[in-house]
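Student: Following this message is one structure expressed as structure tokens.
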Amino acid sequence: MRCTVSVPDTALISHALSAGAEIIEVRLDLCGQIPEQHAKEVFSDIPVPLIFTLRSAGEGGLFQGGPGEWWEILQPYLSYATFIDVEERFASFAPRLKEIGKTVISSYHTPSMPDPPALAVREERLRSFGDIPKIVVGPRSEDDVLALLSFTRQARKPVITSTMGTGFRYARLLLPLFGSYLIFCHCGTAASPGQYHVREWKEFCRLVRDPRQPG
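Counting from 1, position 196 in the sequence shown corresponds to residue 202 in the numbering used here; the numbering is continuous, with no gaps.
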């Protein structure tokens with residue numbers, strides 16, 4: 007499990023690094039237009055891998071364009087990227103990204119909670135075009151949380167799972183313990199509701215490693 011810090015503004019990247027980010031996710035749908043020279047200055051010498059994400063409005067982001075515009079916006083940042091987040095509606099670009107050596111995180115975000123068979127079907131659909139499937143759902147009960155934990159534990163690895171919103175947000179902390187490859191945190195300004203600060207995640211990990219700490 008690795009800690010990814012999502013940044014909605016490039017000015018937060020230095021904060022993410024100082025807070026201990028192992029990976030940084032740049033939310034292009036939140037950052038707005040990044041001038042070419044500024045992008046070069048900011049992204050060229052970052053010592054951790056970068057994920058570039060242009061999240062659509064249909065899956066919880068702000069991007070409202072079509073596939074062609076999605077690709078056009080991403081192109082200037084491809085040389086800096088290790089990972090590219092690709093929703094299913096943009097899957098036709100996944101082969102091109104793989105050809106140039108990028109790891110495709112094939113993602114799906116829904117405010118609902120699919121049942122276990124539906125989760126398994128979605129996982130296979132995401133694996134059909136991506137390297138690492140990412141499934142983010144909206145649990146409505148503790149039983150839903152348990153089902154998501156069980157799915158994560160049994161799913162073929164690597165896999166990323168998480169939750170949307172603030173309800174049952176504690177599941178974000180538990181899912182990496184059950185096999186989720188990444189946890190998405192923030193470093194001061196959350197990129198999505200329910201994210202924990204990276205310091206909270208690190209403190210959680212410390213307590214898990216040392217159960218003798220007083221509760």
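All residues carry an ideal CB built from backbone N, CA and C; glycine is no exception.
Could you have a look at Glu-31 and say whether DSSP puts it in helix, strand or coil?
Tutor: Glu-31: strand per DSSP, three-state reduction.
Student: Quick check on Lys-108: does DSSP put it in helix, strand or coil?
Tutor: Correct three-state label for Lys-108: coil.
Student: What alpha helix (DSSP H) runs, 4 residues minimum, are completely inside the segment 14 to 70?
Tutor: Within the segment 14 to 70, the complete alpha helix (DSSP H) runs of at least 4 residues are 19 to 24, 34 to 37, 42 to 49.
Student: Measuring only the C-alpha atoms, how far is Leu-125 from Asp-149?
Tutor: So the two alpha carbons sit approximately 15 angstroms from each other.
Student: So, using beta-carbon positions, are Val-13 and Ile-30 closer together than 8 angstroms?
Tutor: Yes, Cβ-Cβ distance for Val-13 and Ile-30 is below 8 angstroms.
Student: Distance check for Arg-61 and Asp-35, CA to CA, integer angstroms please.
Tutor: Cα to Cα, Asp-35 sits roughly 6 angstroms from Arg-61.
Student: In angstroms, rounded to a whole number, what distance separates the CA positions of Ala-27 and Phe-96?
Tutor: Rounded to the nearest angstrom, the two C-alpha atoms are 27 angstroms apart.
Student: Which of the three DSSP states, helix, strand or coil, is assigned to Val-165?
Tutor: Of the three classes helix, strand and coil, the one that applies to Val-165 here is coil, per DSSP.
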